[in-house]
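Asks:
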DNA sequence: TGCTTATGTGACAATATACTCATATAGTAA
DNA sequence: TTACTATATGAGTATATTGTCACATAAGCA
């Protein structure tokens, strides 16, 4: 791949990773596993202001992680690329392995 | 899971996602697929200052994505949880699907 | 029409992140 | 010891991100 194209790909990959890299946005993705939801229900589920959630949602739509459709007054959001969820399986492994390390550390004290 | 524990998990997952969510750090991970490397070689490969790369590396170590060991003067960094790499497969899918959308858009103009 | 609800957005302040430079530290070798 | 190399880090500036408030927009209904 050309050097510039590679840089561009890294930037695009980073954009997607950034779109996920926030506790509220992860909570949103977790909630959306149950299927498409409107902003008001998402805001309630994650315990944050609607306007704030709306911004987080548009970041994720811009990155291509979510898609949305209008349904009357509501806008329904859904996970566009379910393989994103595999990522959480992976980082849960990272967290577990760190937790085990800490446990060993504690026992050695 | 308790509500607080859930919040903690989301925060921890976000920390790991953040540790990946930067073009330079993605370039580093890409380079480290070839095996462990020292800071100077990583800096050269990704085309960035050593001090800057050193900071990026410590962020990824703190998040549990990389591990490192001293080898004489050098510090060798390596990917600690290879499943992280699957994530790139996933987001490449996202990028391809968006590229296809844009192509269709272009053809409709 | 006016009223209500759901969502999006401009503007701002607060905070976090990234990069650079200079300097510190640690290891190697003469 | 001194000189050299690799890495890490403090301090500063620049930039990006986040959350909140107020307001705008859009859709439904009386």
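Residue numbers (the numbering used here), protein chains in the order written: chain Y, 29 to 137; chain Z, 29 to 137. Just so you know, even glycine gets a beta-carbon here, dropped at the ideal spot from N, CA and C.
1) Would you check if the distance between the CB atom of residue 33 (chain Y) and the CB atom of residue 119 (chain Z) is smaller than 8 Å?
2) Can you give me the start and stop residues for the beta strand (DSSP E) that residue 88 (chain Z) sits inside?
3) Is residue 63 (chain Y) close to chain Z? Criterion is C-beta to C-beta, closer than 8 Å.
4) When you compare only the Cα positions, how much space is there between residue 125 (chain Y) and residue 40 (chain Y)?
5) Which residue from Z:130, Z:74, Z:96 puts its Cα closest to that of residue 53 (chain Z)?
6) In the DSSP assignment, find the beta strand (DSSP E) that holds residue 121 (chain Y) and state where it starts and stops.
7) What are the residues of the segment 102-124 of chain Z that lie near chain Y, defined by any Cβ-Cβ distance shorter than 7 Å?
8) Thinking residue 95 (chain Y) and residue 89 (chain Y) are a contact (beta carbons under 8 Å), I'd like their distance in whole angstroms, please.
9) Quick check on the DSSP output: the beta strand (DSSP E) that includes residue 94 (chain Y) runs from which residue to which?
10) With 8 Å as the threshold, decide whether the Cβ of residue 78 (chain Z) is near any Cβ in chain Y.
Replies: Looking at the atomic coordinates:
1) Not closer than 8 Å, so no.
2) Taken as a continuous stretch (DSSP letters only), residue 88 (chain Z) belongs to no beta strand (DSSP E), being part of the alpha helix (DSSP H) at 78-91.
3) Cβ-Cβ to chain Z under 8 Å: no for residue 63 (chain Y).
4) Whole-angstrom Cα-Cα distance: 29 Å.
5) Just measuring C-alpha positions, the residue of Z:130, Z:74, Z:96 sitting nearest residue 53 (chain Z) is Z:74.
6) Element bounds for residue 121 (chain Y): not the beta strand (DSSP E) but the alpha helix (DSSP H), 112-135.
7) Within the segment 102-124 of chain Z, those residues whose Cβ lies closer than 7 Å to any Cβ of chain Y are, in chain order, 109, 111, 112, 114, 115, 116, 118, 119, 121, 122, 123.
8) Confirmed, about 7 Å.
9) 94-99 is the span of the beta strand (DSSP E), which, as asked, contains residue 94 (chain Y).
10) Not an interface residue.
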